[in-house]
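K.L.:
Note that this note's numbering gives residue 72 to position 71 of the sequence shown, counting from 1, and the numbers run on in steps of one.
All C-beta atoms in this analysis are idealised placements derived from N, C-alpha and C, irrespective of residue type, glycine included.
This structure is a prediction, so every number in the text was calculated from the model and none was measured.
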Amino acid sequence: MKKLALHWKILIGMLLGLIFGFIMLQVDGGGEFVNNWIKPLGTIFVKLLKLIAIPLILASLIKGISDLKDISKFANIGLRTIGIYVFTTVVAITIGLVLVNILQPGDGVSDETIAKLTSTYASDSGVQDKIAEASVQKSSGPLQFLEDMVPENAFTALSNNKLMLQVIFFAIFLGISMLLIGEKKAEPLKNFFDSLNDVVLKMVDLIMLTAPYAVFALLASVVVSSGDPELLYALLYYSVVVILGLLLMVVFYLTVVGTVTKKNPFWFLKEISPAQLLAFSTSSSAATLPVTMERVEEHIGVDKEVSSFVLPVGATINMDGTSLYQAVAAVFIAQALGFDLTFADQLTIVLTALLASIGSAAVPGAGMVMLVIVLEAVGFPADKLAIGLALIFAVDRPLDMCRTVINVTGDATVSMLVAKSVGKLGKPNIKNWDDHYDEVK
Ligand code: ASP
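#1: Can you tell me the Cβ-Cβ gap for M417 and I318, rounded? I've got them flagged as a contact below 8 Å.
#2: Taking its Cβ as the centre, do 16 or more other Cβ atoms sit within 10 Å of S274, making it buried, or is it exposed?
#3: Among residues of its own chain, excluding the 5 on either side of M2, which ones have a beta-carbon nearer than 7 Å to its beta-carbon?
#4: Can you check which of these residues, E184, L210, F193, K191, is closest to L5 by C-alpha distance?
#5: Given that a residue counts as buried once 16 or more other Cβ atoms are within 10 Å of its Cβ, and exposed if not, what is F1?
#6: Taking all protein chains shown into account, do 16 or more other C-beta atoms lie within 10 angstroms of the C-beta of Y254, making it buried, or fewer, making it exposed?
#7: Whose C-alpha, out of A215, D341, S136, A391, is nearest the C-alpha of G127?
#8: Cβ-heavy atom distance between N408 and the ligand ASP below 7 Å?
#9: Taking only the alpha-carbon atoms, compute the straight-line gap between L49 and S286 and give it to the nearest angstrom.
#10: Measuring alpha carbon to alpha carbon, tell me which residue in G84, L180, L62, L98 is nearest I353.
#11: Taking only three categories from DSSP, how would you classify V258?
#12: So S361 and M402 are in contact, right, with Cβ under 8 Å, and what is the actual spacing, rounded?
#13: With three or more beta-carbon pairs closer than 8 Å as the criterion, would you say the region 213-230 touches the region 10-18?
#14: Less than 6 Å between C-beta atoms, sequence neighbours within five positions excluded: which residues of the same chain meet that for F522?
#15: Any contact between the region 105-125 and the region 327-340? By contact I mean 3 or more CB pairs, one from each, below 8 Å.
#16: Give me the Cα-Cα distance between K191 and I63, rounded to the nearest whole angstrom.
#17: Taking 8 Å as the cut-off, decide whether the C-beta atoms of V445 and N408 are in contact.
#18: Throw me the rounded Cβ distance for the V423 and I78 pair, which I believe falls under 8 Å.
#19: Would you check if the distance between the CB atom of M179 and the CB atom of S67 is smaller than 8 Å?
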């Protein structure tokens, strides 16, 4: 019998997790059971992915750069990457703004719903935390992000998953210096990182063996911790607008993949789908990164020289789904609370949502923190922020899951475009976890 493809196994795991979660919601103490006995399996899986993220970025970026024959190629890849990332993000925000202005989801929200959402969530610690986090982010100067990118201690950077850009900086610096000392001298270090890279990719294969079970646990725990169904229902129209925008982004990606790389867009979608399903289940592009890298390199054929840079940078700064969501959410809140937005305000949203998506961490719920900054940029009164966020808080998690899928798909798409443009889009080279199993059995 033909083995079931990984994405089917993961999908089945997700579906069963959803069903199990809903059943447990009906059972007395079911939620507690899931939280105590099921959720940890999902948490362990996410931890394992995060565990290998830093070693993978380090090894693969150093290998990628030290394989380059000349450094100018790297500057070329870097500039194209940033340029295309900004472009796709602006497309995403524009789609979001157009949809929310045409469909006006905020106009239909009744005063009772606003009152109910406000009383349920405005003083919720989740909402308050996001506002507090946003004020920390905001108080930084314009060049703070450059300062933050440069580590003062390599080991501190390597020991903190939140410092991904610092790790990228260190790896690029090291890789370029390796090129400059000449091939012979750099060889031992290069071999070390080559080998580390292969080992970590093998770890991804092994972790992925458990993915179908882990997504079961992750989805079951999302279901049992979801809010009041009535409130979720009140926000249905707003959610549909966000999801419609995200779907349009998929159409956009598939169109550019088809036209620019001349590959079948549905093949691309199929090969990348395990990463998308994990993005959905974990709500974190950072946790999904190792899988995205493995899929893009081995299953799509993007050369490591490109993917090792484009994907980690993308996970941190390119969030098309998040920026689309920020545009829709900001205008939705303004519509619902009767706050008028001028055309200039909408342009401000484009600019701040672009910067906010660059500044958002690739972790669950980060998009909502930066939404505060977008709202403040258009002059939204500070004392109403909590009410604004309360309006969308109930559906934030499911929408976070969806926008993370787009964030990851956007990164994968751009890696293909950049690879194609510099002649580095090759053939897939799939490795299985048990390729050498017979030798060590
Ligand atoms: N969860 C998203 C990500 O990791 C960020 C966000 O939109 O909240 O990509």
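P.N.:
Straight from the coordinates:
#1: Within the sequence shown, the letter at position 416 stands for residue 417. Within the sequence shown, the letter at position 317 stands for residue 318. Incorrect: roughly 18 Å between the Cβ atoms, too far for contact.
#2: Start at 1 with the first residue of the sequence shown, and residue 274 comes out as number 273. Buried, because 16 or more other Cβ atoms sit within 10 Å of the Cβ of S274.
#3: The sequence position of residue 2 within the sequence shown is 1, counting from 1. Caution is warranted here: a pLDDT of 45 is assigned to M2, below 50, making its placement in the model unreliable, and no coordinate value can be reported.
#4: Within the sequence shown, residue 5 is the residue found at index 4, counting from 1. Nearest C-alpha to L5: L210.
#5: Residue 1 falls outside the range modelled here, since the chain spans only 2 to 442, and no answer is possible.
#6: Locating residue 254 in the sequence shown gives position 253, where the first residue counts as 1. By the neighbour-count rule (16 or more Cβ atoms within 10 Å), Y254 is buried.
#7: The residue labelled residue 127 in the question sits at position 126 within the sequence shown. Among A215, D341, S136, A391, the Cα nearest to that of G127 belongs to A391.
#8: Here residue 408 refers to the residue found at position 407 when the sequence shown is read from its first residue. Checking the Cβ of N408 against the ligand ASP gives yes.
#9: Here residue 49 is taken as the residue at index 48 of the sequence shown, counted from 1. Here residue 286 is taken as the residue at index 285 of the sequence shown, counted from 1. The straight-line gap from Cα to Cα measures roughly 14 Å.
#10: The residue labelled residue 353 in the question sits at position 352 within the sequence shown. Here residue 353 is Thr; the residue named in the question, Ile, does not match the sequence. Among G84, L180, L62, L98, the Cα nearest to that of T353 is on L98.
#11: Your numbering for residue 258 matches position 257 in the sequence shown. Three-state DSSP puts V258 in a helix.
#12: Within the sequence shown, residue 361 is the residue found at index 360, counting from 1. Within the sequence shown, residue 402 is the residue found at index 401, counting from 1. About 15 Å separates the two Cβ atoms, so there is no contact after all.
#13: yes
#14: The structure shown has nothing for residue 522, since the chain only spans 2 to 442.
#15: yes
#16: The residue you call residue 191 lines up with position 190 of the sequence shown. The residue you call residue 63 lines up with position 62 of the sequence shown. K191 and I63: Cα-Cα distance of roughly 8 Å.
#17: Outside the shown range of the chain, which is 2 to 442, sits residue 445, and nothing can be said about it.
#18: As a working note, residue 423 is residue 422 in the sequence shown. As a working note, residue 78 is residue 77 in the sequence shown. The Cβ separation is near 6 Å, so the contact holds.
#19: The count along the sequence shown starts at 1 and reaches residue 179 at position 178. The count along the sequence shown starts at 1 and reaches residue 67 at position 66. Yes. Within cutoff.
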